[in-house]
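Take 17 as the starting number for the sequence shown in this note's numbering and just add one per residue. Note that CB positions come from ideal geometry on N, CA and C, so glycine has one too.
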Amino acid sequence: WLTLIILVAAVLIFGFGVWVRAYPMTDMFMAVVGLSVAAIPEGLPAIMTITLAIGVQRMARRRAIIRRLPAVETLGAVTVICSDKTGTLTRNEMTVRSLVTADAEYQFEGGGYRANGQILFAGEAIDIADHPQLASALQTAVLCSDASLEVEGDAYRVHGDPMEGALLVAGLKAGQTQADENQQMPRLDLIPFESEHRFMATLHRGLYQEGQTDQPGLILLKGAPERVLEMCNQQRGRNGDQTLTPDHWLAKIAELAAQGQRVLAVAAKPALDDQEVLELYDAEDGFVLLGLIGLIDPPRDEVIESLRQCQSAGIDVKMITGDHGATASAIAKQLGFKNANAVLTGLELSAMDDAELRQRVRDVDVYARVSPEHKLRLVRLLQEQGLIVAMTGDGVNDAPALKRSDVGIAMGHKGTEAAKEASEMVLADDNFSSIVDAVEEGRTVYDNLRKAILFILPTSGGEALIIIAAILFGFQQLPLTPVQILWVNMVTTVTLALALSFEPPEAGAMQRPPRRPDAPILSRLLVWRVVFVSVILMVGTFGVFLWDMAQGHSIEHGRTAAVNTLVLFECFYLFNSRYIGESVISWQGLAGNRWVLVAIGALLVFQLGFTYWSPLQLLFGTAALPLETWGVAALVAASVFVLVEIEKTVIRKFVR
Numbered sequence: 017w018l019t020l021i022i023l024v025a026a027v028l029i030f031g032f033g034v035w036v037r038a039y040p041m042t043d044m045f046m047a048v049v050g051l052s053v054a055a056i057p058e059g060l061p062a063i064m065t066i067t068l069a070i071g072v073q074r075m076a077r078r079r080a081i082i083r084r085l086p087a088v089e090t091l092g093a094v095t096v097i098c099s100d101k102t103g104t105l106t107r108n109e110m111t112v113r114s115l116v117t118a119d120a121e122y123q124f125e126g127g128g129y130r131a132n133g134q135i136l137f138a139g140e141a142i143d144i145a146d147h148p149q150l151a152s153a154l155q156t157a158v159l160c161s162d163a164s165l166e167v168e169g170d171a172y173r174v175h176g177d178p179m180e181g182a183l184l185v186a187g188l189k190a191g192q193t194q195a196d197e198n199q200q201m202p203r204l205d206l207i208p209f210e211s212e213h214r215f216m217a218t219l220h221r222g223l224y225q226e227g228q229t230d231q232p233g234l235i236l237l238k239g240a241p242e243r244v245l246e247m248c249n250q251q252r253g254r255n256g257d258q259t260l261t262p263d264h265w266l267a268k269i270a271e272l273a274a275q276g277q278r279v280l281a282v283a284a285k286p287a288l289d290d291q292e293v294l295e296l297y298d299a300e301d302g303f304v305l306l307g308l309i310g311l312i313d314p315p316r317d318e319v320i321e322s323l324r325q326c327q328s329a330g331i332d333v334k335m336i337t338g339d340h341g342a343t344a345s346a347i348a349k350q351l352g353f354k355n356a357n358a359v360l361t362g363l364e365l366s367a368m369d370d371a372e373l374r375q376r377v378r379d380v381d382v383y384a385r386v387s388p389e390h391k392l393r394l395v396r397l398l399q400e401q402g403l404i405v406a407m408t409g410d411g412v413n414d415a416p417a418l419k420r421s422d423v424g425i426a427m428g429h430k431g432t433e434a435a436k437e438a439s440e441m442v443l444a445d446d447n448f449s450s451i452v453d454a455v456e457e458g459r460t461v462y463d464n465l466r467k468a469i470l471f472i473l474p475t476s477g478g479e480a481l482i483i484i485a486a487i488l489f490g491f492q493q494l495p496l497t498p499v500q501i502l503w504v505n506m507v508t509t510v511t512l513a514l515a516l517s518f519e520p521p522e523a524g525a526m527q528r529p530p531r532r533p534d535a536p537i538l539s540r541l542l543v544w545r546v547v548f549v550s551v552i553l554m555v556g557t558f559g560v561f562l563w564d565m566a567q568g569h570s571i572e573h574g575r576t577a578a579v580n581t582l583v584l585f586e587c588f589y590l591f592n593s594r595y596i597g598e599s600v601i602s603w604q605g606l607a608g609n610r611w612v613l614v615a616i617g618a619l620l621v622f623q624l625g626f627t628y629w630s631p632l633q634l635l636f637g638t639a640a641l642p643l644e645t646w647g648v649a650a651l652v653a654a655s656v657f658v659l660v661e662i663e664k665t666v667i668r669k670f671v672r
């Protein structure tokens, strides 16, 4: 549209000059070429791309890797962040804290991936040999795991799922090593964990407990406690296997979950004779429940502050987890969610139609037992309400939700390649705080884009007005030639505007609500600023040109004075552009961005070459200027700084 408007204006000006002012057609052709060159901001696309690229670099330093450039700008408009809990809002340093069997409850000392710490029963340390039900439950947890441990100093590094790593460490506290257990009961087959069935099952042969010989193979089960309970009809107690008491176990699950513990259930059943393949139908029922395991995963300390920042910035955060609803609620309270008691589970989501869920999705911040399909539905319903949604994910099944969201965010450590390919951003540290940092950088990039546009457009507008005024008032020679305008647009303007790409975040960047998705990049107030500054530049530049010509100097001399006045206008206006609405008259405002000072220093060197170096004089038609002309040009150019600061003050007091 801008190009079309400029071309139409050029045709009209050409007609006016030829038929009203009787200019020769060749002169008018050069004049409208100059007008077109002046009005089109040739350097703007380059500046916008560079600003986005610098934003990508800054985000990378804050552990957020941008895969698609437009996501930088979109991040600044995010209104909802849907975040996984484990490892993103929490430390992903799981520790087994409790183990409940049919007859006893055990507590585990220690923290993190260290095998120090005892197992307690009724507050006293125990000998594992005296507690066979505990040994069976831990053995099942160790064998039904794919993770492995590597010694690292006085702790262990986990390769694989952190939760399984915690189970292996709990086994070590009971003297059960993964290598010994696997040697005693080799694995034959497995059913991996999937969100659809919410359990993992493994088939083993060999001894289950010392002294039991000629045992058939065993099928071991580990998974979500409600799902495992459905697959069990017995429970293992002190006196052997007995009929399952579901109400007792459901109460224990709720009790552990209310303490913020993530709860798993472990179970086992005999395999068929000579069975070597495990199918889903083998794991449908007939299991003996061995116990419940409660794990803690402490919240990240920095996330609590990041959530406060989101609240100040008008960004809703939704916590999405596969944990029990009570666990999710307890963790949400620790993190500082306001609506931590309002939890929607996957079963409730499935039971709601879109109309009902649409009414709830804005107010509910905690979602438990959620599947990837639920994630996709949540994204869709939030977007239908005009919200800009960022969604985290790490699995293959999360890819559709990541792709559907406005900003898909994959995990760098635990994320699959499929999730990363579907995302716009990858978190190098899997940390929620890095998302908030990226949102702040996204807002900064958008602000810097507006500042660059607000800086570049008045230069083009002022140049165009100079050409138009010269034609309308019948000047026989233009104050600026097309090649001089190109110098200003492509060299001086780009050099100065580039400094605005390095502007740091403004103090209130995360204290204002997200911008509306349909908001234009230039508001009516900023359009007024462009017109206001364009007129100042036109009047000042034209005035210096007329003054210089009145001194009896050549046209080359007058044009050189005009170009340098315009460039000095840009230098002063660059300071105004650092803050769109606030005053720049402070030490931070004038010297807070060293690249502004570097750009101005470099530009002044360019202008000295433009003015005094004979090859450039020949190329651009310039002439050497005396010191007096520089003084007049600088004095006139300084007016834009004063006038724009006055305009900002008036707008702050009377318009906003």
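Neighbourhood of residue i by C-beta distance below 8 Å, restricted to the same chain and skipping five residues each side
| i | result |
| --- | --- |
| Phe591 | Val600, Gly605, Leu606, Val612 and Phe657 |
| Val88 | Leu68, Gly71, Val72, Met75, Ile82, Glu457, Gly458 and Val461 |
| Phe45 | Phe30 |
| Ser52 | Ile22, Leu23 and Ala26 |
| Thr511 | Ala615, Ala618, Leu619 and Phe622 |
For residue i, the three-state DSSP class (helix, strand or coil)
| i | result |
| --- | --- |
| Leu311 | strand |
| His340 | coil |
| Tyr628 | helix |
| Asp422 | coil |
| Asp301 | coil |
| Glu400 | helix |
| Cys13 | Not covered by the structure: residue 13. The range shown for the chain is 17 to 672. |
| Gly478 | helix |
| Phe353 | coil |
| Asp463 | helix |
| Gly574 | helix |
Residues near residue i in its chain [Cβ-Cβ closer than 7 Å; skip 5 each side]
| i | result |
| --- | --- |
| Glu7 | Because the chain here runs from 17 to 672, residue 7 falls outside it and cannot be looked at. |
| Tyr39 | Gly33 |
| Thr581 | Gly556, Thr557, Val560, Ala649, Val652 and Ala653 |
| Thr6 | What the structure shows of the chain is the stretch from 17 to 672, and residue 6 is not part of that stretch, so it cannot be assessed. |
Proximity winner among the options, relative to residue i (alpha-carbon distances)
| i | options | result |
| --- | --- | --- |
| Asn255 | Ala80, Leu206, Asp119 and Val547 | Asp119 |
| Ile312 | Ser328, Arg528 and Leu115 | Leu115 |
| Val304 | Leu418, Leu237 and Val660 | Leu237 |
| Val244 | Asp257, Pro262 and Pro232 | Pro262 |
| Arg77 | Gly478, Ala454, Pro642 and Phe448 | Ala454 |
| Ala54 | Ala578, Arg532, Leu641 and Gln500 | Gln500 |
| Arg107 | Ile320, Gln251 and Arg37 | Ile320 |
| Phe471 | Gly169, Val583 and Met41 | Val583 |
| Ala348 | Ala283, Phe585, Thr104 and Met201 | Thr104 |
Spatial distance of residue i from residue j (CA atoms)
| i | j | result |
| --- | --- | --- |
| Arg420 | Val395 | 7 Å |
| Gln199 | Ala131 | 21 Å |
| Leu392 | Asp369 | 14 Å |
| Gly139 | Thr117 | 16 Å |
| Asp289 | Ile235 | 12 Å |
| Ala171 | Tyr129 | 6 Å |
| Ile22 | Ser99 | 47 Å |
| His220 | Gln149 | 19 Å |
| Glu481 | Met407 | The question names Glu, but residue 481 in the sequence shown is Leu. In a straight line, the C-alpha of Leu481 is about 47 Å away from that of Met407. |
| Pro57 | Glu433 | 41 Å |
| Trp265 | Ala535 | 54 Å |
| Trp629 | Lys664 | 39 Å |
| Ile309 | Ala281 | 6 Å |
| Glu292 | Gly302 | 18 Å |
| His569 | Ser593 | 34 Å |
| Thr19 | Gln492 | 27 Å |
| Phe636 | Trp603 | 37 Å |
| Pro315 | Ile451 | 16 Å |
Residues of its chain near residue i, where Cβ-Cβ distance is below 6 Å and the 5 sequence neighbours each way are ignored
| i | result |
| --- | --- |
| Gly574 | Phe561, Asp564 and Met565 |
| Leu165 | Tyr172 and Leu184 |
| Phe353 | Asp381 |
| Met110 | Pro178, Met179, Ala182, Leu311 and Asp313 |
Beta carbon proximity, residue i to chain B, threshold 9 Å
| i | result |
| --- | --- |
| Ala141 | In summary, chain B is missing from the structure at hand, where a single protein chain is found. |
*Counting pairs of Cβ atoms below 8 Å between the segment 514–524 and the segment 460–478, do you hit three or more?*
In short, these stretches touch, since the Cβ pair count reaches three.
*asked:* With a threshold of 8 Å, are at least 3 pairs of Cβ atoms found where one atom belongs to the segment 543–551 and the other to the segment 616–629?
replied: The segment 543–551 vs the segment 616–629: no contact.
*Using 8 Å as the Cβ pair cut-off and three pairs as the minimum, do the segment 434–441 and the segment 357–367 touch?*
Contact check between the segment 434–441 and the segment 357–367: fewer than three CB pairs, one atom from each, fall below 8 Å, which does not count as touching.
*Flag this pair as touching only if the segment 326–339 and the segment 281–288 have three or more C-beta atom pairs under 8 Å; answer yes or no.*
With a cut-off of 8 Å, the segment 281–288 and the segment 326–339 do not count as touching, because too few Cβ pairs lie within range.
*Would you check if the segment 322–334 and the segment 258–275 touch, i.e. whether three or more CB-CB distances between them fall below 8 Å?*
No: the two stretches stay apart, fewer than three of their Cβ pairs being nearer than 8 Å.
*Report yes or no: do three or more beta-carbon pairs, one from the segment 157–168 and one from the segment 176–195, lie closer than 8 Å?*
Contact between the segment 157–168 and the segment 176–195 is present, with at least three C-beta pairs closer than 8 Å.
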